[in-house]
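Protein chains in written order, with this note's numbering: chain A, 1 to 253; chain B, 254 to 561. We put the beta carbon where it would ideally sit given N, CA and C, even for glycine. One structure below.
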Amino acid sequence: MKILVPVKRVIDYNVKVRVKGDGSGVDLANVKMSMNPFDEIAVEQAIRMKEAGDAEEVVVVSIGVKQSQETLRTALAMGADRAILITAADDVHTDIEPLAVAKLLKAVVDEEQPGMVLCGKQAIDNDMNATGQMLAALLGWSQATFASEIKVDGDHALVKREVDGGMQSIKVKMPAVVSVDLRLNEPRYASLPNIMKAKKKPLDEKTADDYGVDVSPRLEIVKTSEPPERKAGIIVESVDQLVDKLKNEAGVI
Amino acid sequence: MTVLLLGEVDNGTLNMDATAKAVAACKPLGDIHVLCCGAEAADAGKEAATIDGVAKVLVAEDAIYGHRLAEPTAALMVSLAGDYDHVVAPATTDAKNILPRVAALLDVMVITDVSGVVDADTFERPIYAGNAIQTVKSKDAKKVVSIRTSSFDAAGTGNSAEVSDVATGDAPGLSEWVEDHVAESDRPDLTSAGIVVSGGRGVGSEEDFAMIEKLADKLGAAVGASRAAVDSGYAPNDWQVGQTGKVVAPDLYVAVGISGAIQHLAGMKDSKIIVAINKDEEAPIFQVADYGLVADLFEAVPELESKL
Ligand SMILES: Cc1cc2nc3c(=O)[nH]c(=O)nc-3n(C[C@H](O)[C@H](O)[C@H](O)COP(=O)(O)OP(=O)(O)OC[C@H]3O[C@@H](n4cnc5c(N)ncnc54)[C@H](O)[C@@H]3O)c2cc1C
Numbered sequence: 001m002k003i004l005v006p007v008k009r010v011i012d013y014n015v016k017v018r019v020k021g022d023g024s025g026v027d028l029a030n031v032k033m034s035m036n037p038f039d040e041i042a043v044e045q046a047i048r049m050k051e052a053g054d055a056e057e058v059v060v061v062s063i064g065v066k067q068s069q070e071t072l073r074t075a076l077a078m079g080a081d082r083a084i085l086i087t088a089a090d091d092v093h094t095d096i097e098p099l100a101v102a103k104l105l106k107a108v109v110d111e112e113q114p115g116m117v118l119c120g121k122q123a124i125d126n127d128m129n130a131t132g133q134m135l136a137a138l139l140g141w142s143q144a145t146f147a148s149e150i151k152v153d154g155d156h157a158l159v160k161r162e163v164d165g166g167m168q169s170i171k172v173k174m175p176a177v178v179s180v181d182l183r184l185n186e187p188r189y190a191s192l193p194n195i196m197k198a199k200k201k202p203l204d205e206k207t208a209d210d211y212g213v214d215v216s217p218r219l220e221i222v223k224t225s226e227p228p229e230r231k232a233g234i235i236v237e238s239v240d241q242l243v244d245k246l247k248n249e250a251g252v253i
Numbered sequence: 254m255t256v257l258l259l260g261e262v263d264n265g266t267l268n269m270d271a272t273a274k275a276v277a278a279c280k281p282l283g284d285i286h287v288l289c290c291g292a293e294a295a296d297a298g299k300e301a302a303t304i305d306g307v308a309k310v311l312v313a314e315d316a317i318y319g320h321r322l323a324e325p326t327a328a329l330m331v332s333l334a335g336d337y338d339h340v341v342a343p344a345t346t347d348a349k350n351i352l353p354r355v356a357a358l359l360d361v362m363v364i365t366d367v368s369g370v371v372d373a374d375t376f377e378r379p380i381y382a383g384n385a386i387q388t389v390k391s392k393d394a395k396k397v398v399s400i401r402t403s404s405f406d407a408a409g410t411g412n413s414a415e416v417s418d419v420a421t422g423d424a425p426g427l428s429e430w431v432e433d434h435v436a437e438s439d440r441p442d443l444t445s446a447g448i449v450v451s452g453g454r455g456v457g458s459e460e461d462f463a464m465i466e467k468l469a470d471k472l473g474a475a476v477g478a479s480r481a482a483v484d485s486g487y488a489p490n491d492w493q494v495g496q497t498g499k500v501v502a503p504d505l506y507v508a509v510g511i512s513g514a515i516q517h518l519a520g521m522k523d524s525k526i527i528v529a530i531n532k533d534e535e536a537p538i539f540q541v542a543d544y545g546l547v548a549d550l551f552e553a554v555p556e557l558e559s560k561l
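Below is the structure:
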């Protein structure tokens with residue numbers, strides 16, 4: 001089985017984002033960018049499945065600006081076998097919407113015929129939590145979102161999902177789209193030799209036009225603003241003072 | 254204009270809080286029809302009919318909708334969507350699973366986790382873990398929208414809307430439910446509780462997390478946790494508060510042994526009053542806390558519990 005893993009280049013999760021003064025968006029020029037943390041977990045899972053003999057090949061694909069190549073190299077250094085870069089934007093501030101991403105991924109799936117698509121449950125920039133589900137819909141495939149355990153069993157996969165009430169186990173027919181949650185695994189760091197090796201692994205360069213997919217947005221961004229600011233309150237000296245404040249000042253207990 | 258709203262039905266029971274908050278969010282959008290589906294959904298439908306602002310309730314009761322698997326539920330919603338301008342659901346894990354599938358089948362870009370409804374086409378939603386609020390205007394003919402329930406007050410009850418059955422579909426045969434692993438609890442639900450007490454990595458162990466639960470019980474509160482506490486096995490996954498866990502906005506949020514990473518703040522910074530107990534006076538949580546107590550939690554928490 002071949003596993004396809006879509007990976008997104010996003011602002012590093014440690015960076016404090018800055019909203020641009022003119023309300024046009026978030027400043028992404030000269031900030032540290034990394035692989036979306038959930039996608040790292042998906043890459044790790046695919047590699048582990050290959051190591052366990054459940055998969056033969058791991059193909060990673062990224063859709064966005066040319067610089068996403070670095071993200072793909074990271075995935076190759078972790079252990080993916082080859083990569084596909086689909087350039088769909090010139091400006092680092094352009095975010096390709098999940099619907100368009102899903103359409104491009106569908107085109108890649110049609111070509112590559114993977115047995116499973118493993119993706120992150122959400123990207124930490126637009127926090128949309130949509131691409132995997134949309135791709136499953138376009139393919140007419142089964143979907144298992146928010147996975148914290150995946151077991152492949154012949155033509156099915158058993159997936160444990162993190163849901164509001166706790167956990168849910170479902171059995172999905174393959175091929176399937178599985179979106180991964182935080183506790184599925186801990187991604188490995190790429191070793192220096194593997195980083196060197198990754199430079200020689202195949203990376204195919206395409207554009208959205210090659211697949212005939214229109215990536216123009218359906219959502220017009222009217223404005224981007226700072227959230228209402230919360231001011232720090234006071235430091236209390238003792239538990240007694242805390243209880244007093246909660247009772248008599250805030251009135252919440 | 255009419256809205257099709259997916260009611261939150263969990264094993265035959267309506268989640269009133271989530272559904273009534275989503276109804277309130279949809280008020281400016283037009284008449285609201287609530288769809289209740291499940292292996293059992295008739296009782297949930299009756300409940301939904303009592304929510305103020307609901308014009309009609311549609312019930313789809315069939316074993317194929319049991320556990321609300323995404324594939325059959327999305328197919329049902331798509332079969333009904335023709336008559337509606339908006340397809341909406343509260344942003345629970347079920348809806349997060351189902352709605353993007355519905356949107357893609359309708360060739361619409363989904364708008365998730367909406368925290369403000371500006372007009373029929375325009376919505377506000379938090380991005381970058383709530384560090385920015387984006388206002389987006391949809392160019393799609395139909396809008397598929399999920400609602401961040403913590404941003405809205407629940408609609409009242411007392412209504413008696415008309416309830417009717419709708420035709421159910423065929424099972425797509427793509428996925429099967431196997432089992433739920435759900436811990437029953439008498440505590441209030443995390444997303445609707447008036448008070449939440451959360452513990453972080455500082456609590457140190459699953460055994461000591463009982464201290465957090467004891468404090469919560471004294472306050473009649475729900476229990477939450479940071480990702481680090483869940484990852485370390487101190488608390489179950491469904492207690493996680495944050496960017497990728499639950500979003501809460503109680504009257505009182507007590508953060509114990511939590512540093513205040515942006516991903517955690519994303520889930521609780523809209524709480525009315527925030528209390529932080531942390532031994533590190535530099536911890537970022539103090540920057541959003543109304544009342545901060547710099548103390549060792551192993552002393553402060555039992556003392557607080559005893560003085561309430
Ligand atoms: C993609 C992604 C998504 C994430 N999503 C979430 C999310 O949804 N929710 C979430 O919470 N996190 C999330 N995180 C993790 C987040 O970045 C932080 O790592 C996490 O919130 C830290 O948890 P913590 O505050 O409990 O632990 P720490 O940061 O380790 O803080 C522990 C705190 O306890 C204090 N402490 C220790 N001992 C004591 C004591 N005896 N008395 C008093 N205080 C004490 C310390 O001073 C410290 O401030 C996410 C991260 C990523 C990358």
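Suppose you measure from the CA of V483 of chain B to the CA of G453 of chain B; what does that come to, to the nearest Å?
A direct Cα-Cα distance of roughly 8 Å separates V483 of chain B from G453 of chain B.
Just to confirm, are T402 of chain B and A548 of chain B a CB contact at a threshold of 8 Å?
Going by C-beta atoms, T402 of chain B is not nearer than 8 Å to A548 of chain B.
Taking 7 Å as the cut-off, is the beta-carbon of N531 of chain B closer than that to any non-hydrogen atom of ligand 1?
It does: the Cβ of N531 of chain B is within 7 Å (strictly closer) of some heavy atom of ligand 1.
Beta-carbon proximity check, L219 of chain A vs E97 of chain A, cutoff 8 Å:
Cβ atoms of L219 of chain A and E97 of chain A: closer than 8 Å.
Own chain residues within Cβ distance below 8 Å of N185 of chain A, not counting five before or after:
Result list for N185 of chain A: I41, E44, Q45 and R48, in chain order.
Terminal residues of the beta strand (DSSP E) in which I221 of chain A lies
Looking at the DSSP string, the run of the beta strand (DSSP E) that includes I221 of chain A is L219 to S225.
Run of the alpha helix (DSSP H) containing T74 of chain A, from where it starts to where it stops:
Its alpha helix (DSSP H) spans residues S68 to M78.
Beta-ladder partner(s) of Q143 of chain A, from DSSP
Under DSSP, the beta-bridge partners assigned to Q143 of chain A are A:V177.
With a threshold of 7 Å, establish whether the CB of R188 of chain A neighbours any heavy atom of ligand 1.
Not so, every heavy atom of ligand 1 lies at least 7 Å from the Cβ.
Using a C-beta to C-beta distance shorter than 7 Å, which residues of chain A count as neighbours of K522 of chain B?
Near K522 of chain B (Cβ distances below 7 Å), the residues of chain A are R230.
Using alpha carbons as the reference points, say which of B:I448, B:R378 and B:H320 lies closest to N264 of chain B.
Looking at the Cα atoms, B:H320 is the closest of the given residues.
Please list, in chain order, all residues of the same chain as Q496 of chain B whose beta carbon is under 6 Å from its beta carbon, the five residues on each side excluded.
Result list for Q496 of chain B: A382, Q516 and A519, in chain order.
Measuring only from the beta carbon, is D127 of chain A closer than 7 Å to any heavy atom that is part of ligand 1?
False, no ligand heavy atom lies under 7 Å from that Cβ.
Identify the contact partners of D543 of chain B in chain A, using a Cβ-Cβ distance below 8 Å as the criterion.
Going along chain A in sequence order, the residues near D543 of chain B (Cβ under 8 Å) are G233, I234 and A250.
Starting from G298 of chain B, follow the beta strand (DSSP E) in both directions and report where the run begins and ends.
Element bounds for G298 of chain B: not the beta strand (DSSP E) but the alpha helix (DSSP H), A295 to A301.
Is any heavy atom of ligand 1 found at a distance shorter than 7 Å from the C-beta of S524 of chain B?
Judged by the Cβ position, S524 of chain B fails to qualify as a neighbour of ligand 1 at the 7 Å threshold, every heavy atom of the ligand being at least this far.
Less than 8 Å between C-beta atoms, sequence neighbours within five positions excluded: which residues of the same chain meet that for V59 of chain A?
Excluding residues within five positions, the ones whose Cβ falls inside 8 Å are K2, I3, L4, V5, A80, D81, R82, A83, I84, E112 and P114.
Kindly examine ligand 1 and report whether one of its heavy atoms sits closer than 7 Å to the Cβ of P353 of chain B.
With a cutoff of 7 Å, P353 of chain B does not count as near ligand 1, since its C-beta is closer than that to no heavy atom of the ligand.
Given a cut-off of 8 Å on the beta-carbon distance, is the pair V450 of chain B and V507 of chain B in contact?
Going by C-beta atoms, V450 of chain B is nearer than 8 Å to V507 of chain B.
Along chain A, which residues have their Cβ under 9 Å away from the Cβ of H286 of chain B?
Per Cβ cutoff of 9 Å: no residues; H286 of chain B is ~23 Å from chain A at best.
Around the C-beta of S417 of chain B, are 16 or more other C-beta atoms found within 10 angstroms, so that it is buried, or is it exposed?
Exposed, because fewer than 16 other Cβ atoms sit within 10 Å of the Cβ of S417 of chain B.
Taking 7 Å as the line, does the beta carbon of Q516 of chain B fall inside it for any heavy atom of ligand 1?
Within the cutoff, so yes.
Measure how close the beta-carbons of S399 of chain B and L352 of chain B come, nearest whole angstrom, since I'm counting them as under 8 Å.
Rounded, the Cβ-Cβ distance is 5 Å, consistent with contact.
Looking at the structure shown, is F376 of chain B part of a helix, part of a strand, or coil, going by DSSP?
The answer is strand: DSSP assigns F376 of chain B an E or B state.
Note down, in chain order, every chain A residue with its Cβ under 8 Å from the Cβ of H339 of chain B.
Within chain A, no residue comes near H339 of chain B; the closest Cβ sits about 15 Å away, beyond 8 Å.
Just the chain B side, please: which residues come within less than 7 Å of K245 of chain A by C-beta, in chain order?
Around K245 of chain A, the beta-carbon contacts reaching into chain B at under 7 Å are Y544.
Beta carbon of G166 of chain A, beta carbon of V435 of chain B: below 8 Å?
Yes, the Cβ-Cβ distance between G166 of chain A and V435 of chain B is below 8 Å.
Among A:T224, A:V252 and A:N248, which has the Cα closest to the Cα of G21 of chain A?
With distances taken between CA atoms, G21 of chain A lies nearest to A:T224 out of A:T224, A:V252 and A:N248.
Taking DSSP's pairing of strands, which residues face R161 of chain A in a bridge?
BP columns for R161 of chain A point to A:A147 and A:Q168.
Any heavy atom of ligand 1 closer than 7 Å to the CB of I256 of chain A?
Shown here, chain A extends from 1 to 253; a query on residue 256 of chain A therefore has no answer.
May I ask which residues mark the beginning and end of the beta strand (DSSP E) holding H93 of chain A?
Element bounds for H93 of chain A: n/a, residue is neither H nor E.
Less than 8 Å between the CB atoms is what I'm expecting for T171 of chain A and D155 of chain A, so what's the real figure, rounded?
What sits at residue 171 of chain A in the sequence shown is Lys, not Thr. Not a contact, Cβ separation roughly 10 Å.
Does the stretch 86-97 of chain A come close enough to the stretch 21-34 of chain A to have 3 or more Cβ pairs within less than 8 Å?
Flag = yes, the stretch 86-97 of chain A and the stretch 21-34 of chain A touch.
Can D549 of chain B be considered in contact with ligand 1, in the sense that its beta carbon sits closer than 7 Å to one or more heavy atoms?
Yes.
Distance check for L258 of chain B and A598 of chain B, CA to CA, integer angstroms please.
What is shown of chain B runs 254 to 561, which leaves residue 598 of chain B out entirely.
What does a CB cutoff of less than 6 Å around N268 of chain B pick up in its chain, not counting 5 residues either side in sequence?
Taken in chain order, the residues that qualify are E261.
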